[in-house]
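One structure is given here, and the rest of the page talks about it.
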Amino acid sequence: MSATPVHPDPARPEAGAVLISVWDVGTPERQRAAADAIAATWGKREWPTPDMLSYGVYAGTDGRTLLHYSQWTGEEAYEEYVRTHRQERNDEIDDAVPGIERLRLTRTRRYRSLPQERDGRGREGKRPEPGCVVVVEVGFEGPDEARQRAWVDTVAAAIEEDRADGSLPPGGISAHFHLSTDGTRVVNYAEWESEQAHIDALEAPGEGVGTPSPLWERVRNFPGLVSSDVARYRLLFSTERPGEPAERAAAAARQA
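First residue of the sequence shown? That's 1 in full-length UniProt numbering, and the numbers climb one at a time after it.
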């Protein structure tokens, strides 16, 4: 993989379903080998369906995991892909890198997105290119979509409060909150300028990202919250529906 991969736009409105999965491949060398195998497998085949919008593969900074983030027009499009295309691709990847452990697949829909920069826009109004993706996954004691949404709304209110009083840590670009379709989890796909920026935010005084305000206390102690996991990733490979770059360029020209 020689070309620099392009981060997907998690906020694209036509993405009615987002599939997020994690593989354990064991070592940094196998992370790269698996990503190379994925790139080769996808590069030699036609795009499976116009209803698949994008696909990205990320290496965990733990040196062993891979995150897969794919956008679809709807979950039924993904199910059709599973029936007709997925197995042959996975078989080829497994032949190249034996012993991959597929840990979990979370079916989600994006609920809301918000900027995390201190001014809400980034440097000089421009969105910085992400240097790190931080995935925060929280679990609740049972299915409840209203509770999922309420937790996300509380996080958003806490971020906006920190932005207003100038206590928001530097380096955050955006946060994209996804609700699992089974009602039990929320996945925050957060873009940061660098891994170090997120590390510094966690090491700031207090309990990690977020001030000791009543809103952040409610986030951390939300009724029914039973788990919270954080992992950092860097993008290794990305691909998107044919014609997407040209379509985006044309849309930008129309808005200019």
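Beta carbons are placed, not taken as given, at the ideal position from N, Cα and C, and that holds for glycine.
Keep in mind that this is a model prediction, so the values were computed, not measured.
Asked: Coarse secondary structure for I20, derived from DSSP in three states; Found: strand
Asked: Bounding residues of the beta strand (DSSP E) (the contiguous stretch that carries T106); Found: 101–115
Asked: Boundaries (first-last residue) of the alpha helix (DSSP H) holding G60; Found: From DSSP, G60 is part of no alpha helix (DSSP H) but of the beta strand (DSSP E) over 52–60.
Asked: Contiguous beta strand (DSSP E) assignments of at least 3 residues, all confined to the region 25–89; Found: 52–60, 65–72
Asked: Local conformation of E129 per DSSP, three classes; Found: coil
Asked: For H178, three-class secondary structure by DSSP; Found: strand
Asked: CB of I38 within 8 angstroms of CB of Y69, strictly; Found: no
Asked: Test item: CB-CB of S113 and H198 under 8 angstroms; Found: no
Asked: Per-residue DSSP class, three states only, for T184; Found: coil
Asked: Residue closest to M52, alpha-carbon to alpha-carbon, out of E46, W72, Q148, D62; Found: W72
Asked: Spatial neighbours of E101 in its chain, beta-carbon cut-off 7 angstroms, leaving aside the 5 residues before and after; Found: W23, D24
Asked: Neighbourhood of V230 by C-beta distance below 6 angstroms, restricted to the same chain and skipping five residues each side; Found: V136
Asked: Per DSSP, cross-strand counterpart(s) of S167; Found: DSSP lists no partner for S167.
Asked: Residue range of the unbroken beta strand (DSSP E) whose run includes V219; Found: V219 -> not in any beta strand (DSSP E); alpha helix (DSSP H) instead, spanning 214–220.
Asked: Residues near P28 in its chain [Cβ-Cβ closer than 7 angstroms; skip 5 each side]; Found: G63
Asked: Range of the contiguous beta strand (DSSP E) that encloses D229; Found: 225–240
Asked: Minimum C-alpha distance to E160 - residue among E129, E141, L215, D200; Found: L215
Asked: Best match in T184, P169, S180 for proximity to residue 304 [C-alpha to C-alpha]; Found: Residue 304 lies beyond the stretch modelled for the chain, which goes from 1 to 256, so this question has no answer here.
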